[in-house]
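Worksheet: the structure to be examined is printed underneath.
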Amino acid sequence: MRPAEGSGAPASRDPRPGAVGIVSRPRLSERLCAAQRVTVVSAPPGSGKTVLLRSWITEAGLAKSVAWVSVGGGERDPQRFWLSVLGALRQTAAGSGLVREVTAAPDLDGWAIAERLLKDLVPLEDRLWLVIDDVHELGPGEARQQLELMVMRAPEELRFVLATRHDLRLGLHRLRLEGKLTEIREPDMRFTAGEAQQLVSAAGVELTEPTLALLHARTEGWAAGLRLAALSLAGHPDPGRFAEEFSGSERTVAEYLLAEVLERQSDEVRRLLLRTSILERVSGPLADALTGGSGGERTLQELEETNAFVVALDARRSWFHYHHLFADLLQLELRRTTPGEVTALHRAATSWFAGHGHPVEAVRHAQAAQDWSLAARLLADHWPGLQLDGQATTVHELLAGFPVEAAATYAELGVLIAADELAQGSLEAAERYLRLAARGAAPGSAGRHEQLQVLLGMVRLLLARQRGNPGAVAEEARRLRAIAEAPDGGLPGLSEELRALALISLGSTEVWAALFAAAERHLEQGVALARRIGRPFLEFSGLAHQAVIETYRSFAQAAERSRQAIDLARRHGWADEPTAGTAYVMLGAALAWQARAEEAEPWVQRAERTIRAGTELAAAVGVHHVRGVLELARGRYQDALSALRAAEQLAGNLAAPHLLVPPTRGLLLHVLVRLGETARAEQALAELGEPDRERGESRTALAALRLAQDDPPAATAALAPVLDGSAPLIRGTWLVGAFLLEAIARDALGEPAAAERALECALDLAEPEGVQLFFLLQPAPGLLERHARHRTAHPSLIAEILDLLAGKTPAPPTGSQPPLKPLSGSEIRVLRYLPTNLSTPEIANELHVSRNTVRTHLSHLYAKLGTHRRTEAVERARALGLLAPLARRR
C-alpha cells in the first residue's frame, strides 16, 4: 500500500477527515471554496493533496455535495472508472435523484456511460462537486478522453476537482484562457512555518522556533517530510541536532522517496538524477556533460512536469534544482552504488562551470574534489570581478572552504584572505596576510606573477582607503593603474574596471577628508566609467559618496542622491552592504537637520546596522555624528553628548583629519551649554588648538556659551568673524546658527532693528534647506513671534519652528524629485511669498520690483518645478525642502 498522502507515514491511505495530525489550511480551503468550474491540485507525492481536499470538504460542510473517486494504480478500464464515478455521484444529495444506476456488463462502453451521465445531469440545479483523486493514474487512452468530454460539456453547477501528481492533457488550457480554471500547485501546497508548527504539535512534538525554522527549511514545507520528521522527533533527546541533520537519507524518508519517485524512473533517468545530484542546480547541457549523454534538458523538463521533486528555477525552464530531501537521497544512492565516481563528477562540474562563466560554482566543485590548487587559481582569477560586483560575502564563504594551511601554500589565496580580513574589519590581520603573500613563493608563470601584483595592489588600495589616508590611496591607485595598463598586465580586460575602482576609492577617501573639489572630480569620473562598463556596485559606491558631498551643498539634493544609491542597492540586493549605510546616514542627516526626527530615525538605524567601525571607519564617524544631531533634534542632550564623543574618538583613529571633526566639536560645545555645564565647555574650548578655536563652528559655540553666561557683547565679538566670512566653516548651514545667536545677542543689547535683520538673515538661510536644528538648540520663541508680527518673507517657516518648540511633530514631505533646473536667487525670493495670502502686486511691492518681473519669475518657477498653479508650486517646493513643510495644526 502507498503511504498516506499528506501525512507521509508509511501506512494505508486514511480518507477520514478527522484523522490524527490533520492541519487546517484555510488559505487553501478558501481558494477551493471560491474555485472556478475546474480546479487542479497538482503536486508531488506526499504534498498533502488528499488530506487537504478531505479537510476542505469537512470544514465547508460539503459532505453531501461531493462525489469522491479515487483512481486505482494504472487504471486503464474506462468501464470500471465510470462506474465508480456514477456510484459516487449517486451518493450525493443532488445526484441521488438524477443519476441512474448502471450495472457492469462485458459490452458496456465508457463513451455510452459518459454520454448517459451528461443527460442525467442536465436538470442539475444545486452545486455538486466531483473530486477525482490520483487522476494521474488514469491511463492515456479512452478513459482520459471521456473525462475531457465530460469536463467540456458538463452543466455549470457540476464542479470538478482533479488531484494529480503531474499535469494531464485534458484540454484545460482552454479553460485557463476563459478564466474557468483554478490551479493549486506545488509551491501553494508547501506548508508555511505556522502550518508546520501545527503539524508537529499535532504529533505531540513541541519544537523551539529556531529548530522548527531549520526543519521547515530542510523539508521545504513538504508535508510528508514534516510528518516523518515529527514521528522521528517524538522522544528524541536532542531535537535541535535532529532537525539540523534531518535529510533524505533518513530511513523513513529514503524508503518513501525510493518507492514513490526514484524506482518509478527508467534506468537512463535514474543515472541522470544520481550523477547530477552533486549539483546545487543543473541545466540540460550540464547534465549531458556529467552523464556523457544527450537530451538532458528534455528529461529535466519532463521530471518537473511530473512533479518528481525537480523544480525549474527560471521562466525558460533551462535551470533546475532538486528538493533538498530528494537530493540527499540521490547523493546517498550515488555513494552507495558508484562511490569512485564522485570526485570525477566534481571535477567535470568544475570544468563545465568554469568554461561557461560560473566561477563561484566552479570553485565550490573544485573544493569538493579537494583540488586546492585549482580552486585557489580559479578564485584568484575571478576575485577582482567578484569584488567589483559587491560579492564580498560570497568570497568569504568560498575562502572558508579551504584548509587553514592553504594560505601559506598559495600566495594568491593569501592576498584574498587579506582582503577578506579587511572586509571583516581586521586591519592588522589583513596586513599580516599581505606580508605573507608578498613573501610567498612566486606562482609558476610570469602571467600569474603579474596577476599576483594586481591582487596585492587592489588590496593595498582598499587598506589605504579604510585607513582614511588620501595620499596613500592616491599612491596605491597610481601603482595599480600602472600594473593593470601595462602591455603584459596580469589581468587583461580589467584595466577600465581597476581604473574605476581607483577613482571611486580615491574620491570616497577625499570626501571624508573634506577635499571636495578633488573628490567630486574623481567620483564623477568613476561613476560615469562604472556605468559605461556595467559595474553597478562601483556606480552604487560612487553615488553613495556623492551624497556626502551634496550634504554640504543642499539637503534636498543630498536626499535625492542618497535615494538613488538606495534604490540601486535594493535592485541588486546590496541593502545590507556598508556602502548602503553611507547613503542611509546621509539621508538621515538631511532629515535630522530639518528636525524631522521620526523620519530620520529608521535611516539612521539602518546605517548603524550596516556600518561597523572596523570595516568603514570614516563612515562610522558619520553615523555617530548624525546620531548626535538626531538626538539634539529630540532634545535628548545626554544621548547626543555620548554619540558626538564617540564620533570624535573614532575620528582620531584615521590617518587624515575627518571633515566632521569641526562640526562635531562645535555641537559638543553646544550640548554642554544646553546641559548647563559651562565650566566644561570653557575647558573644552581652551583645550582646542588655535586653528580649531578660530573655526566658525567653535566661534558659534563660543557665542552660545557667552550668552549663557549673560555676556551678549562677548557673544557678538565671537560671531563677527563668522558673519563676515573670515572664520572657516565646513558647511554654510552653520551661518543659520550664527545669525540666530547674533539676533538673540542684539535683542539682549536692546538693538531691536539689528536683531530683526540678523533673524531675517537666519531665516533666509534656513528656508531653502528647511534647516531648523539651530532654532531648537537656541530657542527664541518670543523673538520669532515678534518677528512674525512684522512683514516677513518666512511666515510658514516661523510657524513651523514655533510648532516644533511647542512639541508638535512636522508633517512629512510628499515628494522627492529635484527641480528640473536650480532656482535663481530672485526666484527663491518670490517663492518665499507664495505660501502667504499676498497677491502678485503685493509681492511686487514687498520686493520693490515691478508686477511684470514677479510674473516672469512665477513663470520660471512653475516651469522649473513642473507645476501650473501657485498652490502646486508651494506643495512641490515643500516636498523638495525649498520651503518649510506645512505645520500640522492641533
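End of the sequence shown sits at 873 in my numbering; the numbers just go up one at a time, nothing left out. Glycine residues also receive a C-beta, built at the ideal position from the N, C-alpha and C atoms.
Beyond the five residues adjoining it in sequence on each side, Trp335 comes within less than 7 Å, by CB distance, of Leu269, Ala272 in the same chain, given in chain order.
The beta carbon of His348 sits closer than 6 Å to the beta carbons of His329, Ala332, Thr333 from its chain, once the five residues preceding and following it are set aside; these are given in chain order. Pairing Leu633 with Val654 gives a Cβ-Cβ distance that is not under 8 Å. Our two residues, Leu785 and Ala511, have alpha carbons roughly 44 Å apart in a direct line. Remark: C-beta atoms of Val188 and Ala213 approach each other more closely than 8 Å. By the Cβ test, the region 525 to 532 is in contact with the region 564 to 582, since at least three Cβ pairs between them sit closer than 8 Å.
For the pair Arg838 and Thr823, the CB atoms are nearer than the 8 Å cut-off. The straight-line gap separating the alpha-carbon atoms of Glu670 and Leu650 is approximately 16 Å. Straight through space, the alpha carbons of Val6 and Leu405 are spaced by roughly 50 Å. Cα atoms of Val398 and Leu283: separation of roughly 41 Å, rounded to the nearest angstrom. The closest CA to that of Trp717, considering only Phe499, Leu756, Glu84, is found on Leu756. A residue is called buried when at least 16 other Cβ atoms come within 10 angstroms of its Cβ; His156 does not meet this threshold and is exposed.
His304 sits in a strand when the DSSP states are folded into three classes. In this structure, DSSP gives Arg859 a helical state, which the three-state scheme calls helix. In the assembly as shown, Pro170 is an exposed residue. Its beta-carbon has fewer than 16 other beta-carbons within 10 Å. With a threshold of 16 other beta carbon atoms within 10 Å, Thr75 meets it and is buried. Counting along the chain, Val52 sits inside the beta strand (DSSP E) bounded by residues 49 to 53.
The C-alpha of Leu160 lies about 34 Å from the C-alpha of Val252. Below 8 Å, too few C-beta pairs join the region 681 to 690 and the region 494 to 512 to call them touching: fewer than three. By the Cβ-count criterion, Thr86 is exposed, with fewer than 16 other Cβ atoms from all chains shown falling within 10 Å of its own Cβ. For Leu262 against Leu371, the beta-carbon gap comes to about 27 Å, at or over 8 Å, which does not count as contact. Distance from the CA atom of Thr175 to the CA atom of Glu344, rounded to whole angstroms, is 30 Å. Between the region 410 to 423 and the region 371 to 384 there are fewer than three inter-stretch CB-CB distances shorter than 8 Å, so the stretches are not counted as touching. The Cβ atoms of Leu151 and Arg127 sit closer than 8 Å to each other. Looking at the DSSP output, Arg281 shares a beta bridge with no other residue. Beta-bridge annotation (DSSP): Trp112 is paired with Val49, Arg142. Here Arg518 carries a coil assignment [DSSP, helix/strand/coil]. Rounded to whole angstroms, the separation of the alpha carbons of His432 and Thr392 is 15 Å.
One Cα belongs to Leu788, the other to Pro640, and the distance between them is close to 35 Å.
Per DSSP, the beta-bridge partners of Val294 are His304. Arg127 carries a helical assignment under DSSP once its states are collapsed to helix, strand and coil.
Per DSSP, Ser12 has no beta-bridge partner at all. DSSP lists Phe143, Leu164 as the beta-bridge partner residues of Val21. Ala623 counts as buried, since no fewer than 16 other beta carbons sit within 10 angstroms of its beta carbon.
Collapsing the DSSP output to three states places Ser38 in a helix. Approximately 11 Å separates the beta-carbon atoms of Ala583 and Ala542; this is outside 8 Å, ruling out the contact.
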